[in-house]
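Notes follow the structure.
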Amino acid sequence: MINNHFGSRAELSILLGALLLSACSPQSEQSEVNTAPAMMSTAEAAAPEPSLGINPRGKTELEIDMSRIHNPDLVAVFDHIDTNIDEHVQNLQRWIQQPSVSNTGEGIQESAYMVEGFFDQFGCQETEVVDPGLTEYGTQANPVVYAKCDEGAEKTVAVYWMYDTMPITQPDLWTSPPFEARIVEQPPFDKVIIGRGANNSKGRQMAFWNAMMSIKAVTGSLPVNLIFLAEGDEERMSIGYRKFIRDNPELFSEADVMWGGGSSEGSVFVELITSGEAWGRGPTYSNIHGGRKRQVDAPAWRHIKMLATLVDDTGNEVLIDGFYDDVVPLTEDEEAILREAAEDYDVTVAAERLGVARFISDDPYEVQKLSRYGQSMNLDGIWAGNMFEG
Numbered sequence: 000m001i002n003n004h005f006g007s008r009a010e011l012s013i014l015l016g017a018l019l020l021s022a023c024s025p026q027s028e029q030s031e032v033n034t035a036p037a038m039m040s041t042a043e044a045a046a047p048e049p050s051l052g053i054n055p056r057g058k059t060e061l062e063i064d065m066s067r068i069h070n071p072d073l074v075a076v077f078d079h080i081d082t083n084i085d086e087h088v089q090n091l092q093r094w095i096q097q098p099s100v101s102n103t104g105e106g107i108q109e110s111a112y113m114v115e116g117f118f119d120q121f122g123c124q125e126t127e128v129v130d131p132g133l134t135e136y137g138t139q140a141n142p143v144v145y146a147k148c149d150e151g152a153e154k155t156v157a158v159y160w161m162y163d164t165m166p167i168t169q170p171d172l173w174t175s176p177p178f179e180a181r182i183v184e185q186p187p188f189d190k191v192i193i194g195r196g197a198n199n200s201k202g203r204q205m206a207f208w209n210a211m212m213s214i215k216a217v218t219g220s221l222p223v224n225l226i227f228l229a230e231g232d233e234e235r236m237s238i239g240y241r242k243f244i245r246d247n248p249e250l251f252s253e254a255d256v257m258w259g260g261g262s263s264e265g266s267v268f269v270e271l272i273t274s275g276e277a278w279g280r281g282p283t284y285s286n287i288h289g290g291r292k293r294q295v296d297a298p299a300w301r302h303i304k305m306l307a308t309l310v311d312d313t314g315n316e317v318l319i320d321g322f323y324d325d326v327v328p329l330t331e332d333e334e335a336i337l338r339e340a341a342e343d344y345d346v347t348v349a350a351e352r353l354g355v356a357r358f359i360s361d362d363p364y365e366v367q368k369l370s371r372y373g374q375s376m377n378l379d380g381i382w383a384g385n386m387f388e389g
């Protein structure tokens with residue numbers, strides 16, 4: 000997976016512009032790649048000459064037209080990032096090198112306190128690693144890291160983070176060790192970082208954190224206050240994060256808006272089981288030899304037939320009664336924003352960057368609409384019969 004934050008500063012420009020100009024506002028098991036900077040110190044020491052050979056403005060991505068940026072502070076922030084690019088990359092490497100696997104617990108506690116250290120370095124007045132306790136499922140939650148950063152501003156932005164990652168289940172598919180954060184050449188980019196979390200989501204979060212640190216280094220403060228909520232259970236359906244939110248609503252009651260979708264964005268997770276015992280046909284208490292299919296019904300085929308009734312022939316239209324009943328129509332303003340975004344959106348390039356052959360639609364507007372407002376039902380996995388080698 001390729002994360003293009005390193006190759007281009009366009010997304011960072013949007014974020015920095017919003018903060019500077021307005022105070023109101025499955026994964027697949029393969030080598031993760033990031034091409035973006037991470038974090039920096041607020042100290043105004045002279046930056047060393049870049050030695051990693053990384054061009055902060057990229058060579059394969061569209062460049063920001065700096066002539067359209069009229070805020071001198073924003074220009075200075077970009078210059079600060081460019082000058083300190085080596086430090087940003089090295090700090091991202093250290094963050095990736097810290098394992099944080101929620102499903103096994105590997106490195107979770109250490110990662111939580113590392114995140115708290117990020118917020119302390121940023122200058123947040125309140126930081127805490129919180130134990131949410133037992134979840135609704137009776138399992139122990141992973142820590143939630145909370146921080147409150149008072150910048151003396153009128154508005155407050157709540158920022159969602161996740162610091163956990165998926166386990167390494169297929170190490171042979173990695174082109175370099177997943178917790179080494181090695182810098183390698185990988186076309187179309189000259190240099191990329193390969194590591195678990197480089198794309199999802201440590202690279203993105205460190206790009207955000209780097210932007211905040213850069214603004215403070217240049218201007219001394221942000222035009223908005225920040226409340227950070229960082230969970231270590233996103234890959235486990237946010238079981239600890241949900242409990243933390245329910246138990247501590249007062250901690251984020253001052254927030255005017257939230258940056259980031261937050262957790263799993265209202266997704267519903269359902270596990271459907273078809274068994275011979277419940278069906279009254281097929282194997283009832285254990286697996287039997289596959290040759291017996293000539294005489295015996297197969298729960299696996301019944302399960303597949305059942306799944307096929309949930310969607311149309313394309314797999315893109317859900318046929319469950321009431322599934323779309325409460326979908327809120329887009330406003331005229333939302334429609335206009337989508338159409339404007341679609342004007343400069345190349346679906347072919349976007350699909351290639353995502354690593355897919357093509358999107359459901361070839362219409363840039365429809366792709367934008369589906370991405371931001373679409374509804375879907377996805378199969379996360381199907382298990383049946385012999386699941387082992389041999």
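Residues 0 to 389 in numbering that gives the first Met the number 0 are what the sequence shown spells out, letter by letter.
A virtual CB, placed ideally from N, CA and C, is assigned to each residue, including glycine.
* Per DSSP, residue 195 forms a beta bridge with which residues? -> None; residue 195 has no bridge partner.
* Is the stretch 143-156 in contact with the stretch 177-195, if contact means three or more CB pairs nearer than 8 Å? -> Judged by Cβ distances under 8 Å, the stretch 143-156 makes no contact with the stretch 177-195, as fewer than three pairs qualify.
* In this structure, does DSSP put residue 162 in helix, strand or coil? -> DSSP places residue 162 in coil when its eight states are reduced to three.
* To do: Can you have a look at residue 87 and say buried or exposed, based on whether 16 or more other CB atoms are within 10 angstroms of its CB?
  => Buried, because 16 or more other Cβ atoms sit within 10 Å of the Cβ of residue 87.
* Asked: What are the boundary residues of the alpha helix (DSSP H) that residue 112 is part of?
  -> Note, residue 112: alpha helix (DSSP H), 107-121.
* Of the choices 255, 267, 169 and 254, whose alpha-carbon is the least far from that of residue 322? -> The candidate whose alpha carbon is nearest that of residue 322 is 267.
* Spatial neighbours of residue 385 in its chain, beta-carbon cut-off 6 Å, leaving aside the 5 residues before and after -> Nothing listed; no residue qualifies.
* **Paired residues, beta bridge with residue 185 - DSSP** => DSSP lists 188 as the beta-bridge partner residues of residue 185.
* Asked: Going by beta carbon distance, what residues of the same chain come within less than 6 Å of residue 181, once the five residues before and after it are set aside?
  -> Here the set comprises 175 and 193.
* Asked: Is residue 145 helix, strand or coil when you go by DSSP?
  -> Under the three-state reduction of DSSP, residue 145 is assigned to strand.
* Whole alpha helix (DSSP H) elements within the stretch 248-277, 4-residue minimum -> Within the stretch 248-277, there are no complete alpha helix (DSSP H) runs of at least 4 residues.
* Asked: Taking the C-alpha atoms as reference points, what is the distance between residue 215 and residue 207?
  -> When rounded, the distance between both Cα atoms is 13 Å.
* Asked: Quick one, are the C-beta atoms of residue 318 and residue 311 less than 8 Å apart?
  -> Contact flag set, yes.
* Cutoff 6 Å; reference residue 419; Cβ partners in own chain excluding five residues on either side -> In the structure displayed, the chain extends from 0 to 389; residue 419 sits before or after that span and is not available.
* Identify, in the order they occur along the chain, each residue of the same chain with its Cβ nearer than 7 Å to the Cβ of residue 329, setting aside the five sequence neighbours on each side. => Taken in chain order, the residues that qualify are 372.
* Tell me where the alpha helix (DSSP H) around residue 238 begins and ends. => Boundaries of the alpha helix (DSSP H) around residue 238: 238-246.
* Determine which residues share a DSSP beta bridge with residue 139 and list them. => For residue 139, DSSP records a beta bridge to 133.
* **Selection from 142, 307, 133 and 361 that minimises the alpha carbon distance to residue 344** => Answer by Cα proximity: 361.
* Bounding residues of the alpha helix (DSSP H) (the contiguous stretch that carries residue 91) -> 84-96 is the extent of the alpha helix (DSSP H) around residue 91.
* In the DSSP assignment, find the beta strand (DSSP E) that holds residue 167 and state where it starts and stops. => Taken as a continuous stretch (DSSP letters only), residue 167 belongs to no beta strand (DSSP E), as it is neither H nor E.
* **C-alpha distance - residue 253 paired with residue 83, whole-angstrom precision** => Each residue's Cα considered, the two are about 34 Å apart.
* To do: Have a look at residue 342 and residue 140 and give me their C-alpha separation to the nearest angstrom.
  => Rounded to whole angstroms, residue 342 and residue 140 show a C-alpha spacing of 44 Å.
* Asked: When the Cα atoms are used, what is the spatial distance from residue 160 to residue 339?
  -> Distance between the alpha carbons of residue 160 and residue 339: 29 Å.
* 8 Å contact criterion, which residue 242 and residue 138 should meet: CB distance rounded -> With 8 Å as the limit, residue 242 and residue 138 do not qualify as a contact, their Cβ atoms being about 11 Å apart.
* Asked: Once you ignore the five residues that flank residue 295 on each side, which residues in its own chain have a CB closer than 6 Å to its CB?
  -> Result list for residue 295: 281, in chain order.
* Asked: Between residue 190 and residue 52, is the Cβ-Cβ spacing less than 8 Å?
  -> Here residue 190 is near residue 52, since their CB atoms are less than 8 Å apart.
* Paired residues, beta bridge with residue 214 - DSSP -> Answer by DSSP bridge pairing: none, since residue 214 is not bridged.
* **Member of 377, 354, 233 and 284 whose CA lies at the smallest distance from the CA of residue 270** => Here the closest residue by C-alpha is 377.
* **Three-way DSSP call (helix, strand, coil) for residue 322 in this model** => Residue 322: coil per DSSP, three-state reduction.
* Asked: I think residue 110 touches residue 162, with their Cβ atoms under 8 Å apart; what is that distance to the nearest whole Å?
  -> Between residue 162 and residue 110 the Cβ distance is about 5 Å, and since that is below 8 Å, they are a contact.
* Would you call residue 116 buried or exposed, if buried means 16 or more other Cβ atoms sit within 10 Å of its Cβ? -> With fewer than 16 other CB atoms across the displayed protein chains lying within 10 angstroms of its CB, residue 116 is exposed.
* Asked: Considering only C-alpha positions, which residue in the set 237, 229 and 272 is nearest to residue 251?
  -> Taking only the C-alpha atoms, the option nearest residue 251 is 229.
* Taking all protein chains shown into account, decide if residue 232 is buried (16 or more other Cβ within 10 angstroms of its Cβ) or exposed. => Buried.
* Asked: Under a Cβ-count criterion, where at least 16 other Cβ atoms within 10 Å of its own Cβ denotes burial, should residue 249 be classed as buried or exposed?
  -> The Cβ neighbour count for residue 249, taken over all protein chains shown within 10 Å, is under 16; the residue is labelled exposed.
* Please name the residue in 291, 287 and 300 whose C-alpha comes closest to that of residue 272. => Scanning 291, 287 and 300 for the CA closest to the CA of residue 272 turns up 300.
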